[in-house]
Structure formats: structure tokens, C-alpha cells
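In the numbering used here, the protein residues as written are 54 to 95.
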């Protein structure tokens, strides 16, 4: 993702978004993914 000519990738991108927006998007998306994935395999 390019932001004002800067490039961020991987965890650095998530850290930048967290600092920039004040929202930990990675944690939110991880939580959603975990909720959609059954723990018991059914």
C-alpha cells in the first residue's frame, strides 16, 4: 500500500494503520476470521 509515496508491507503496514487511524485493524480482522472459523472443525 502506498501512502504519500511511502510503502508499507506486512506487519509494518498494520502498525502504520494502527498509529495513523488509532484502530488495530489487524486484531479486528483476525477476530472476525476466528469467529468465522469453527473451533471444533464442524
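Don't be surprised by glycine CBs; every beta carbon is placed ideally from N, CA and C.
Every value quoted in this text rests on a predicted model; they were computed, and no experiment measured them.
For residue 69, report the span of its alpha helix (DSSP H) as first-last. 64-74
Distance CB(residue 69)-CB(residue 60) smaller than 7 Å: no
Checking 7 Å against the spacing of the C-beta atoms, do residue 71 and residue 64 come in under that value? No, Cβ-Cβ distance for residue 71 and residue 64 is not below 7 Å.
Local conformation of residue 59 per DSSP, three classes: strand
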